[in-house]
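Following: one structure in structure tokens, then a few remarks.
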Amino acid sequence: MSSSPDGRPANPEEHTDDAILGGRLRLWQPARGHRVGHDAMLLAASVPDGARRLVDLGAGVGSAGLAAALRLPEAEVWLAEIDPATAALARLNASRPENGLAARAHVVEADIDRLGRLSGPPLPAAGWADAVLMNPPFNDPARHRISPRAGRARAHSAGDAALDLWLKAADRLLAPAGTVALIHRPEALAAVLEALAGRFGAAAIRPVHPRPDAPAIRILVQAVKGRRTPLALLPPLVLADAAGRPSAAADVLLRGGEGL
């Protein structure tokens with residue numbers, strides 16, 4: 007996908023220009039198919055405050071990685087995306103003057119398998135990152151109906167076994183004692199822990215609930231490369247009260263752009 011001279015997609019009628027984080031981040035994204043939501047902002051909030059070299063795996067249009075870089079003014083971020091059209095949107099979003107991230111945000115077009123190989127792309131370099139963030143495809147095709155839209159299916163659907171490829175890529179890209187941050191379904195917790203084993207430890211797991219009386223709909227996981235410390239179950243994040251009003255904790259993350 008090419009862009010027009012004014013920094014818009016070449017076919018802007020097929021895209022929307024959206025304000026994220028209370029208007030501090032502007033993103034071009036497809037009008038149909040996979041759309042930026044709460045998951046990306048929660049993932050961005052999970053990146054440690056001290057991180058300075060970030061890689062966003064499966065970055066899509068760049069939402070989580072750019073949001074994290076916006077919160078961390080000294081951080082440099084690489085957005086890794088397999089789909090050429092989506093990677094082109096990530097480049098547009100990274101270079102938008104109003105986002106102020108052009109000097110610190112870069113895009114690499116590569117798949118997760120290639121990023122995990124010793125012969126992977128030269129940039130971002132192996133061992134470069136101190137934080138890798140990822141929003142792996144959630145829906146195991148063995149258990150869920152797959153979207154007929156190719157881009158949406160790629161974004162949402164993969165077997166739990168694919169987690170090993172994602173964490174192998176994170177392991178290659180992270181420096182020793184670097185942090186991986188991911189968001190996933192609660193029912194995938196066992197698969198997540200299995201994929202972390204042998205590479206990452208000191209896992210910190212935070213359940214995300216839509217309301218105080220509702221089961222968790224997501225888990226936020228942080229883990230440290232090379233550590234063997236046991237896991238910790240953190241206090242939950244509740245997105246809204248019983249009446250559906252956004253919680254104060256969710257508001258500072260989703261609109262304020264603060265970290266957990």
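In the numbering used here, each residue carries its 1-based index in the sequence shown increased by 6. Here a beta-carbon is modelled for each residue, glycine too, at the ideal position from N, C-alpha and C.
- In its chain, beyond the 5 residues on either side, 23, 24, 25, 26, 99, 102, 104, 105 have a beta carbon closer than 8 Å to the beta carbon of residue 32.
- A distance of 8 Å or more separates the beta carbons of residue 206 and residue 181.
- Counting only the Cα atoms, residue 204 lies some 28 Å from residue 265.
- Beyond the five residues adjoining it in sequence on each side, residue 93 comes within less than 6 Å, by CB distance, of 87, 113, 115 in the same chain, given in chain order.
- Judged by DSSP secondary structure, residue 260 falls outside any beta strand (DSSP E) and instead within the alpha helix (DSSP H) spanning 254-260.
- Cβ atoms of residue 139 and residue 96 stay farther apart than 8 Å, at about 14 Å.
- Non-local beta-carbon contacts of residue 21 in its own chain, meaning distances under 7 Å to residues more than five positions away in sequence, involve 15, 34, 35, 36, 37 in chain order.
- In chain order, 60, 81, 83, 107, 110, 111 place their CB closer than 7 Å to the CB of residue 75, counting only its own chain and leaving out the 5 sequence neighbours on each side.
- Excluding its 5 nearest sequence neighbours in each direction, residue 129 has C-beta neighbours in its own chain below 8 Å: 84, 112, 114, listed in chain order.
- The three-state secondary structure of residue 84, taken from DSSP, is strand.
- At the C-beta level, residue 197 and residue 166 come within 8 Å of one another.
- DSSP places residue 77 in the helix class (H, G or I) of the three-state scheme.
- Sequence-distant partners of residue 237 (beyond 5 residues in either direction) whose C-beta falls short of 6 Å from its own C-beta, in its chain, are 209.
- In chain order, 78, 80, 81, 82, 136 place their CB closer than 8 Å to the CB of residue 58, counting only its own chain and leaving out the 5 sequence neighbours on each side.
- If you draw a straight line from the Cα of residue 170 to the Cα of residue 126, it comes to about 16 Å.
- Contact between residue 244 and residue 217 holds, since their C-beta atoms are separated by about 7 Å, short of 8 Å.
- In the displayed model, residue 21 falls within a strand according to three-state DSSP.
- In the three-state reduction of the DSSP assignment, residue 34 falls in the strand class, which pools E and B.
- Distance check between residue 255 and each of 47, 91, 29 places 47 closest, using alpha-carbon atoms only.
- Exposure of residue 17 is indicated by the presence of fewer than 16 other C-beta atoms within 10 angstroms of its C-beta.
- Residue 213 has 225 as its beta-bridge partners, per DSSP.
- Close CB contacts of residue 261 within its chain, under the 7 Å cut and outside five residues either way in sequence, are with 27, 28 (chain order).
- One alpha carbon belongs to residue 219, the other to residue 195, and they sit about 21 Å apart.
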